[in-house]
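I have placed the structure first, in the form of C-alpha cells, so that the comments after it can refer back to it.
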Amino acid sequence: MNHLIESPVECDSYRELTARDHRESRRVPDPMLQRLGLGHLAALDADFLGYTSDLARRFGDRVFYRVGLVPTYQFTHPEQIQEVLVTKSKSFRKTDRLRRVLGRVLGNSLLLNEGESWSRQRALLQPIFNPQRLFDYANPIVRRADELAARGVGREVNIATEMSRLTLLTTAEAVFGVDLSDVAEQFVAEVATLQESTYPDFTVRSNKLGELIGPQRSKVSQSIHFLRGVVDAIVDGSVGRSRHDSDGCAGKLGRLANSATRKMTRQQARDEITIVLAGGAGTTATALSWATYLLAKHSDAQQLVSDEVDRVLSGRLPSGDDCRSFEFTQMVLNESMRLFPPAYTTSRQAICSVEIGGCQLTAGSQVHLLPYITHRDARWFDEPHEFRPERFAASAKHKIPRFAFIPFGAGPRACIGGGLAMMTGVLVLATILRRCGLELASGQGEPALDPKISLHPKGGIRLRLTPRKCSKL
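Dropping the structure here:
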C-alpha cells in the first residue's frame, strides 16, 4: 500500500501523482494552523521515530506532507533508497539544516562537503580507510578493549559511557598515533553536550534565530572551543604521542595534514580529524552499546560468541587477521545495527526536479530515508523486532534485499569509515567476551530510545561484567 499524506495545501507533485495513478488521496488533517502544516511539525518534534513509524504503518513506503512550507517526503522502500542514494544521487545534496547546524562543529568536513571539493577530499582520505590498511589499526583497539575488560570485571558499569571513551581512545591512537587519555573523559562529555544541545536545531522547530539566541548557545561554544583545542594539538603534534605508535608519527591523517605536499589545508585537516573523532568514534560506540546490551539480554547468543572466541583464540588476544574468523560475532553486530541503527535517519534535499518512487519532487523538497523503519519491515526480515543474528549468516543474508540494510549508508556518500567501524566492533566484542560475561544490571530494563545525532540508549545501559568461567585464560 502506498499513499501520500496530503497537506491541506497540495503541491504540484502530489496532484500529478494522483492524476497519473488514479488513486484517491488519504487526507490527514493538521490539528494546528493547517495552512502551515504545523501539526506535522509538532508531531515530528515531539516523537520523530514514533510519528514517522506510524506514518509508514498507515500509509506505506512513500509519504508526502508539508513541514511548515517545505514539501517533505518519507521513503522507506529499498528501491526508493537506492534511487535517492545511488542511481539519482546527483539530484540531491545534504540539507541546508544539516550544513548549518553541524557546520559549527565539523566545518566543511567530508560529511558536509559537496561537489568537486568533496570528491577531492574523499580521494585524499580514502587511503587511510583502505581495507588493506585497517588491520594496522587492530593492536590499539584490542589493547584498550582488554584494559576495559580487566578494569570492569566483577563491576557494574554504564557500558555506553565506557564505549564512548574506548572508541575515542582507540580511534585517536589507531588513526592519529596519539594518546588522548588525559582528556578522554572531558572530550566524551563535551561531545555529549553537543549532541544534547545541538539536536534541537535538527528538529522541525529549528530556525536561525533560535540557533543564535538559544539558551544552550554558550554551552555549545564552550564545547566547540574544547574540541578545537584538542584537534589543534593533534595537528600541531603537541598532544601526547602514543608510546605504542610504531610509525613514530601522528598517524596517517597527521602525515597528510603535515606533509610537504600540503594537499590538505590546516583548516580542512582540523575538520576531518574532528569528524573522525567526534562522529565516527561516537557512531561505533553507539553500535557497541546496543550490541553488548543485546548479548546481555540473550544469553544463548552470548554463549555462541564466547564459544567462537575460545575456538578462534585459544586464550590469546585477537589480531586483525582474526576478524574474518569471528563469523557469528559479525552477525551479532549486524543484527544489533539492524535493530538499533546508529544512523537511524538520513536526510537529503533535492537540487532539481527528480522522480523518486513515482513521486515528482521539486527542487528544494526535503527527503527523509529511515533505516530504523526499513530495518524493521516484515517484508525484508522475518520477525523483524526479534534479535536473530542468524539472519546475517552467509547462507541466509542473500535473502535480504540490497538496500534493506544500510547501517553505513549507501552509494558514493556511504560512510568512509564503515570498514573501520565494523572491525572495531568485532575486535572489541571478541576481546571483552574473551575475559568477561555480560549481564543486565539489577533494574536495567529496555532502554528508551534517545534519537539525537545518532540513536543512543537514553541514560546509557548498565551492565555487570562477570568473570568468564569457561575462558581459556
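Using my numbering, read the sequence shown as starting at 1318 and increasing by one per residue.
Virtual Cβ for every residue (Gly too), placed ideally from N, Cα, C.
Computed from a prediction, not measured in an experiment: that's the story for all the values here.
What number of angstroms, rounded off, separates the C-alpha of residue i from the C-alpha of residue j?
| i | j | result |
| --- | --- | --- |
| L1686 | F1376 | 15 Å |
| G1432 | R1416 | 14 Å |
| D1413 | S1682 | 11 Å |
| T1741 | L1766 | 23 Å |
| A1501 | A1747 | 23 Å |
| L1386 | L1366 | 21 Å |
| L1429 | R1730 | 10 Å |
| Q1666 | R1460 | 42 Å |
| H1394 | R1379 | 8 Å |
| Q1647 | V1622 | 9 Å |
| D1588 | A1618 | 39 Å |
| G1777 | F1704 | 20 Å |
| T1609 | D1553 | 37 Å |
| V1537 | R1545 | 12 Å |
| M1739 | L1650 | 8 Å |
| G1596 | E1513 | 14 Å |
| D1624 | K1775 | 31 Å |
| A1598 | R1719 | 26 Å |
| A1363 | G1632 | 49 Å |
| Y1390 | R1439 | 29 Å |
| R1472 | T1783 | 7 Å |
| G1674 | Y1661 | 21 Å |
| V1626 | P1457 | 19 Å |
| L1419 | A1359 | 22 Å |
| R1810 | V1684 | Residue 1810 falls outside the range modelled here, since the chain spans only 1318 to 1790, and no answer is possible. |
| I1398 | D1499 | 42 Å |
| V1505 | K1614 | 26 Å |
| R1779 | L1757 | 7 Å |
If you drop the 5 nearest sequence neighbours on each side, which residues of the same chain put their C-beta closer than 8 Å to that of residue i?
| i | result |
| --- | --- |
| G1811 | With the chain represented from 1318 up to 1790, any question about residue 1811 goes unanswered, as that position is not in the structure. |
| A1713 | E1707 |
| S1670 | Q1677, L1678, T1679, A1680 |
| R1410 | E1431, R1665, Q1666, I1668 |
| A1462 | L1483, T1487, L1744, V1745, T1748, I1749 |
| L1656 | W1607, L1611, H1692, R1693, H1702, F1704 |
Around the Cβ of residue i, are there at least 16 other Cβ atoms within 10 angstroms (buried) or fewer (exposed)?
| i | result |
| --- | --- |
| G1734 | buried |
| P1444 | exposed |
| P1635 | buried |
| H1831 | In the structure displayed, the chain extends from 1318 to 1790; residue 1831 sits before or after that span and is not available. |
| R1344 | Below a pLDDT of 50, predicted positions are generally treated as unreliable, and R1344, at 38, falls in that range; no measurement from the model is reported. |
| R1785 | buried |
| S1408 | buried |
| H1542 | exposed |
| K1716 | exposed |
| R1781 | buried |
| T1404 | exposed |
| A1695 | exposed |
| E1763 | exposed |
Ignore the nearest five residues each way along the sequence and tell me which others in residue i's own chain have a CB closer than 7 Å to its CB.
| i | result |
| --- | --- |
| T1603 | P1659, S1771, L1772, H1773 |
| S1540 | E1507, T1510, L1511 |
| L1442 | L1427, E1589, I1733 |
Here's a check: name, in chain order, each residue in its chain whose Cβ is nearer than 6 Å to the Cβ of residue i, leaving out the five neighbours to either side.
| i | result |
| --- | --- |
| L1402 | A1727, G1728 |
| L1611 | S1653, F1704 |
| S1426 | D1588, E1589, I1592 |
| G1424 | D1588 |
| R1723 | Per the sequence presented here, residue 1723 reads as Ile, with Arg not at that position. Within the same chain, I1723 has close Cβ partners P1688. |
Sufficient close CB pairs (3 or more, under 8 Å) joining the segment 1463-1481 to the segment 1745-1755: These segments touch.
Given 8 Å, three or more beta-carbon pairs between the segment 1684-1702 and the segment 1632-1650: With fewer than three CB-CB distances shorter than 8 Å, the segment 1684-1702 does not count as touching the segment 1632-1650.
In chain order, each beta strand (DSSP E) run of at least 3 residues that lies wholly inside the segment 1386-1444: Listed in chain order, they are 1387-1392.
At least three beta-carbon pairs within less than 8 Å, the segment 1478-1495 to the segment 1594-1608: As far as the Cβ criterion goes, the segment 1478-1495 touches the segment 1594-1608, which means the pair count is three or higher.
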